Amino acid sequence: MKQRLLTLCAIAALAAGSVAHAQAVQEYSFPNTQQGNLSPPSTLRITESGGTVAAPPPPIRDTPQSVREYERCRTVSDRAAVTNQQRQDGVAQCLKELQLRRQAGQ
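As numbered in mature numbering (1 follows the signal peptide of the UniProt record, and there is no 0), residues -22 to -1, 1 to 84 make up the sequence shown, in order.
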């Protein structure tokens, strides 16, 4: 009975160790607290877990036709604008149209 209990305890300890190893957390403290240091402990604490970082989205690639349409829209908008607000509104409209073309896959 004791042998079985010892075996179960050993298995549980190994399992707990492997879980702790799989979810290792690294902790940094700044400045480093050393023995005999009279300064108060730091308030900056950074905790880093070993999670995976998501891959960045692929870059947006516009077709040459879509780029030409955007440039044409900007030229017409800039020429028609009299005030800075009209120019900004025109640019916003051109960008909206560009975004719609991107969503449509053109």
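Beta carbons: idealized from backbone N, C-alpha and C, even for Gly.
This one's a predicted model, so the numbers in the text were calculated from it and none came from an experiment.
inquiry  = Under DSSP, the alpha helix (DSSP H) around D67 begins and ends at which residues?
reply    = 62 to 82
task = With a threshold of 16 other CB atoms inside 10 Å of the CB of L73, please say whether the residue is buried or exposed.
result = exposed
query = Where does I24 fall in DSSP's three states?
reply = Note: I24 maps to strand in three-state DSSP.
request  = Please go through the same chain and pick out, in chain order, the residues whose beta-carbon is closer than 7 Å to the beta-carbon of A82, but skip the five residues on each side of it.
outcome  = Hits under 7 Å: none found.
key: Alpha-carbon to alpha-carbon, S27 and E75   = 42 Å
ask   = In three-state DSSP terms, what is T30?
value = coil
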